[in-house]
Amino acid sequence: MEVKIRIADNFELDVRSHLIERGVAILGLRGSGKSYTASVICEQLLEAGQPVVIIDLIGEHFTLRERFPVLIAASGDAPYADVKGLTANSAPRLAEFIVEHGLSLILDLSHGLMVDRLRILGEFLEAFYRAEEKHRHPYVVILDEAHRVLPEKGVVRLKEIKKAQEKVEHYVYELSATGRHMAVGPVVVARRSAEISKLILSQCEVRILHKLVDPTDLKYASNWLTREEVERLRNLNKGEAVVVGLGEPIWIRVRRRLCSHGGETPLTKPVVTPDLSEAVERLTELLKAEKVPEAPPETPPSALVEELERLRRRSQELEQRLRVLESELSEAQAQVKSLEALAEERLRRIKELEARLPEAETWEEMRSDYERRLAELEEKLRETEEEKEELHRQLLEVSEDLEKLEEVKSLLMDWRDVIVELGQKLDVELIPSDIQAIVDERDHYRQLYEELKQETERRRRLTEDVLADPAVQDWVKTAKTTLKWFMDRRSEHWRILRKVVVTDPSYLFLPEEFPEVSVSPSTVASYLNDFALKGFVLKHEKAKMGRTAYSNALPLWVSQNVRRIRLDAPDEAIKAIVEELKSYVLKWR
Ligand SMILES: Nc1ncnc2c1ncn2[C@@H]1O[C@H](COP(=O)(O)OP(=O)(O)OP(=O)(O)O)[C@@H](O)[C@H]1O
Ligand SMILES: [Mg+2]
């Protein structure tokens with residue numbers, strides 16, 4: 134008869150063709166819902182009246198008793214177990230008993246040393262297999278946490294454990310590979326494909342894959358899934374899975390359990406049927422009667438075994454961690470590669486920019502040139518200051534002398550008249566010759582002073598006259614038009630020009646000395662050549678570092694042009710026109 138069990142809205146497992154003939158493996162990350170799915174399968178099988186044997190290494194499946202009359206036999210002293218203290222000796226009798234009566238069983242191996250638990254399991258499976266050969270009762274055998282009893286080869290194991298595991302592996306393999314002939318189907322539950330014995334995994338054709346993230350597992354999944362589907366698998370939620378091995382992948386959300394799950398809620402009301410009570414009674418009697426003294430353990434002291442078992446588990450954990458670190462490392466390496474490429478790109482850009490900068494030597498020469506020029510100007514300024522002070526001091530002295538002379542003069546004038554009169558009366562020379570000399574010198578200076586005043590006045594008038602001369606004014610207008618014409622052309626012309634007109638005419642500069650403009654030095658040179666053609670810049674071939682240099686010729690340009698009109702134009706007039714043109718340029722815009 135065809136029995137189907139529904140484990141998700143869109144998916145049913147056929148007991149015969151899926152579970153018994155093909156076998157099922159459930160894989161997934163820790164906490165992704167494997168045990169839950171296995172329990173849903175159990176519940177649905179039990180609902181359908183299909184007996185099961187659950188091998189429970191954690192002690193989380195006993196809650197099935199909330200609804201179903203499943204016998205619980207435990208290796209230790211579990212409070213919920215019907216039969217406690219199961220040993221490797223009593224295990225075969227248990228197996229024979231349940232097969233004989235077609236009972237469902239939870240073989241709870243959550244207590245005791247690993248080596249003892251494996252021995253119990255090995256003995257149980259052997260006897261179960263033999264009993265099945267005889268009775269051929271359909272059974273589904275569920276092995277949760279299979280990676281703990283059937284690890285992939287290469288995991289470090291203690292000799293005794295290895296021996297016991299080999300027996301377990303042998304009978305699980307026998308049941309998976311040949312069980313279909315006796316109507317026994319396996320459900321193997323494990324975390325990672327890489328951790329469980331390949332021999333066993335290969336016997337389970339239907340795979341229910343919960344969330345997987347490890348690259349090795351994803352590679353395994355890619356046997357059935359496209360790249361996008363593998364990505365979807367990586368991001369599944371708890372209870373979601375994909376069924377592969379039955380044609381197209383089927384994405385499922387596993388239905389909710391009928392009983393509570395694991396230790397979430399303690400078992401409060403175990404189901405006990407009359408059949409089950411009777412079976413428990415008989416089994417207990419049987420096991421008691423058959424109790425044979427335990428063979429002396431061939432094992433090393435149990436503390437040692439436990440410690441080695443702990444070490445084995447630790448080594449497994451470390452292997453797992455290693456795999457995680459390896460995948461992190463490869464990610465980090467990829468990141469380093471992309472950073473290296475970025476750094477290379479930046480370096481290339483720096484080199485490009487450096488190539489566009491003038492030679493360091495040229496910069497150095499220009500810098501020392503500037504420094505020298507600055508020192509010269511400072512020296513000149515200091516000298517000028519000193520000169521100014523000296524002149525000021527002299528001026529003070531002269532004006533003091535002048536005051537004294539004035540005083541002496543008025544005294545002398547008063548006294549002279551008296552003395553001269555007295556002298557005439559007495560007919561003697563009464564004015565001392567040195568006083569007369571002072572008077573003469575004073576008069577001489579006064580005359581010089583008067584002349585100087587007149588000359589200054591004359592030059593002032595002449596300056597005014599020249600500046601007011603319509604021909605001179607015409608030329609100044611023309612000069613401004615010329616400057617304006619350049620300044621209107623491009624802002625660069627104006628920027629260059631305003632720097633030129635404030636530069637000391639004796640200073641020679643190169644086209645590179647205009648960092649503030651956005652055009653290249655060769656363009657600056659072509660602008661300076663245009664200015665030179667007009668005359669307000671002078672061009673000096675091979676004058677600075679063997680290169681063509683330029684200087685400010687605005688004062689020269691003004692004086693030559695103005696004096697062509699007015700030969701008598703004084704320096705003051707020339708200076709005033711230069712200042713006017715300079716401020717015209719500076720105030721432009
Ligand atoms: N189909 C589901 N519906 C509702 N909740 C679920 C489902 N599947 C899993 N869960 C929730 O996720 C938790 C973990 O699930 P489960 O115990 O099955 O994980 P696991 O894959 O067996 O983990 P481990 O590898 O640690 O044994 C459960 O306690 C339950 O709360
Ligand atoms: Mg689990």
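Sequential numbering from 134 applies to the sequence shown in the numbering used here. Beta carbons: idealized from backbone N, C-alpha and C, even for Gly.
Beta-bridge pairing of residue i - partner residues as DSSP gives them
i    : result
N685 : V670
K677 : R680
Y272 : V317
R386 : E373
P284 : I329
F642 : Y683
I140 : The partner list for I140 (beta bridge, DSSP) is empty, contrary to what the question assumes.
L308 : Partner(s): none; L308 has no beta bridge.
E145 : R139
Contact test: residue i Cβ vs ligand 1 heavy atom, cutoff 8 Å
i    : result
L242 : no
Y169 : yes
E193 : yes
H234 : no
V157 : no
V216 : no
R390 : yes
H151 : no
E326 : For clarity, residue 326 is Ser in the given sequence; the question names Glu instead. Every heavy atom of ligand 1 is 8 Å or more from the Cβ of S326, so no.
L162 : yes
H270 : no
S165 : yes
V787 : Outside the shown range of the chain (134 to 722) lies residue 787, about which nothing can therefore be said.
H303 : no
G318 : no
K371 : yes
G395 : yes
H314 : no
Nearest candidate by alpha-carbon position, reference residue i, set the options
i    : options                   : result
L725 : K300, L472, E519 and P319 : Residue 725 falls outside the range modelled here, since the chain spans only 134 to 722, and no answer is possible.
N662 : T681, L358 and R163       : T681
T615 : F669, E646 and V605       : F669
A716 : F195, M315, E302 and W627 : Looking at the sequence provided, one finds Ser at residue 716 rather than Ala. The candidate whose alpha carbon is nearest that of S716 is W627.
F647 : E362, I629, S639 and E373 : I629
H314 : V657, Y304, R269 and A279 : R269
A604 : N370, D277, L700 and E135 : L700
G395 : V173, E135 and M678       : V173
S243 : K610, E597 and L190       : L190
V652 : M678, K632, L666 and S624 : S624
L251 : G182, A211 and A297       : A297
I707 : T611, V718 and L687       : L687
L316 : K267, V339 and P348       : Note on residue identity: the sequence assigns Ala, not Leu, to residue 316. Of the candidates K267, V339 and P348, the one whose C-alpha sits nearest the C-alpha of A316 is K267.
R388 : I140, A709 and E712       : I140
G192 : S168, K292 and T611       : S168
Sequence-distant residues of its chain with Cβ nearer than 6 Å to residue i (five each side left out)
i    : result
P184 : G235, S237 and Y272
A676 : L641 and A682
D350 : R325 and S326
V363 : L351, A354 and S355
Y304 : L258, E259 and Y262
L391 : E176 and R200
T517 : none
Residue interval of the beta strand (DSSP E) (run including residue i)
i    : result
F230 : Element bounds for F230: not the beta strand (DSSP E) but the alpha helix (DSSP H), A224 to H234.
L160 : V157 to L160
I188 : V185 to D189
L197 : Premise fails: L197 is in no beta strand (DSSP E) and is neither H nor E.
L238 : L238 to D241
L342 : V339 to L342
Alpha helix (DSSP H) segment containing residue i, residue limits
i    : result
A206 : Careful: A206 lies outside any alpha helix (DSSP H), inside the beta strand (DSSP E) at L204 to A207.
L630 : S624 to V635
E381 : That residue, E381, is in no alpha helix (DSSP H); it is neither H nor E in DSSP.
I707 : D704 to L719
Y169 : K167 to E180
D347 : Segment: none, D347 is in no alpha helix (DSSP H) and carries neither H nor E.
P407 : P407 to A422
L366 : R360 to R367
Heavy atom of ligand 2 within 8 Å of residue i beta-carbon
i    : result
V387 : no
D277 : yes
V322 : yes
Own chain, CB closer than 8 Å to residue i, minus 5 neighbours either side, in chain order
i    : result
L204 : D215, V216, I231, L236, S237, L238, I239, L409, A412, V413 and L416
Own chain partners of residue i with C-beta closer than 7 Å, once the 5 adjacent residues on each side are dropped
i    : result
L219 : A206, A207, S208, L227 and I253
9 Å Cβ cutoff, residue i in contact with chain C
i    : result
C175 : Absent from the structure: chain C. Only one protein chain is present.
Any non-hydrogen atom of ligand 4 closer than 8 Å to residue i Cβ
i    : result
I341 : This structure does not include ligand 4; its bound ligands are ligand 1 and ligand 2.
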